[in-house]
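Participant:
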């Protein structure tokens, strides 16, 4: 996941990442963070090591990995993803969280088993925004 110009390891497949906000019944929201009506991110291939050539690099420096890139989305949408909230709870700043966000800063040395080279299959079709 490439979000706010940082790389994160997502807790699971994009369509299974749940909102962490508390509902009125004091349970965790069951809605996904991925909103079918919102602007989608894009799958892209980027270098595993983000450092420019010439600096000390990892052995995987020339390797590309597939990431779901959200950096082209509006800043508010990127913050919503980072807060791991569905669109409903993103619009309700007073709603408490029942769980911690599941994002983990991506480290190619310790997360090498999660590096995928081909771009995954596309996500389900999105509705066009008016």
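In the numbering used here, the protein residues as written are 653 to 782.
Cβ coordinates follow ideal geometry from the N, Cα and C atoms, glycine included.
Model, not experiment: these values are computed from the prediction.
When burial is assigned at 16 or more other CB atoms within 10 Å of the CB, is residue 664 buried or exposed?
Facilitator: Position 12 of the chain shown, counted from the start, is the residue given in the question as residue 664. The residue in question, residue 664, is exposed, as its Cβ has fewer than 16 Cβ neighbours within 10 Å.
Participant: Nearest-angstrom Cα distance between residue 658 and residue 757?
Facilitator: In the chain shown, residue 658 corresponds to position 6, counting from 1. In the chain shown, residue 757 corresponds to position 105, counting from 1. Going from the Cα of residue 658 to the Cα of residue 757 covers about 8 angstroms.
Participant: Sort out for me which residues DSSP pairs residue 694 with in a bridge.
Facilitator: Sequence index remark: in the chain shown, residue 694 carries index 42 (1-based). DSSP lists 721 as partners of residue 694.
Participant: Would you mind sorting residue 741 into buried or exposed? The rule is 16 or more other CB atoms within 10 Å of its CB.
Facilitator: One-based indexing of the chain shown puts residue 741 at position 89. Buried is the call here.
Participant: Rounded to the nearest angstrom, what separates residue 678 and residue 716 at their Cα positions?
Facilitator: Taking the chain shown and counting its residues from 1, the one referred to as residue 678 is at position 26. Taking the chain shown and counting its residues from 1, the one referred to as residue 716 is at position 64. Rounded to whole angstroms, residue 678 to residue 716 spans 43 angstroms at the Cα level.
Participant: When DSSP builds the beta bridges, which residues end up paired with residue 654?
Facilitator: For the purposes of this step, residue 654 is taken as residue 2 along the chain shown, with counting starting at 1. Residue 654 is bridged to 659, 721.
Participant: In or out: residue 755 buried (at least 16 other Cβ within 10 Å) or exposed?
Facilitator: For this step, residue 755 is matched to residue 103 along the chain shown. Its Cβ being crowded by 16 or more others within 10 Å, residue 755 is buried.
Participant: Can you have a look at residue 745 and say buried or exposed, based on whether 16 or more other CB atoms are within 10 angstroms of its CB?
Facilitator: To locate residue 745, count along the chain shown from 1; it is residue 93. Exposed: under 16 other Cβ atoms inside 10 Å.
Participant: Taking DSSP's pairing of strands, which residues face residue 732 in a bridge?
Facilitator: By one-based count along the chain shown, residue 732 stands at place 80. In DSSP, residue 732 forms no bridge with anything.
Participant: Buried or exposed for residue 693, please, with buried defined as at least 16 other CB atoms from any protein chain shown within 10 angstroms of its CB.
Facilitator: For the purposes of this step, residue 693 is taken as residue 41 along the chain shown, with counting starting at 1. Label assigned to residue 693: buried.
Participant: Hey, residue 750 and residue 683 are a contact pair by Cβ (cut 8 angstroms); roughly how many whole angstroms apart?
Facilitator: Here residue 750 refers to the residue found at position 98 when the chain shown is read from its first residue. Here residue 683 refers to the residue found at position 31 when the chain shown is read from its first residue. That belief does not hold up - the Cβ atoms of residue 750 and residue 683 are roughly 13 angstroms apart, past 8 angstroms.
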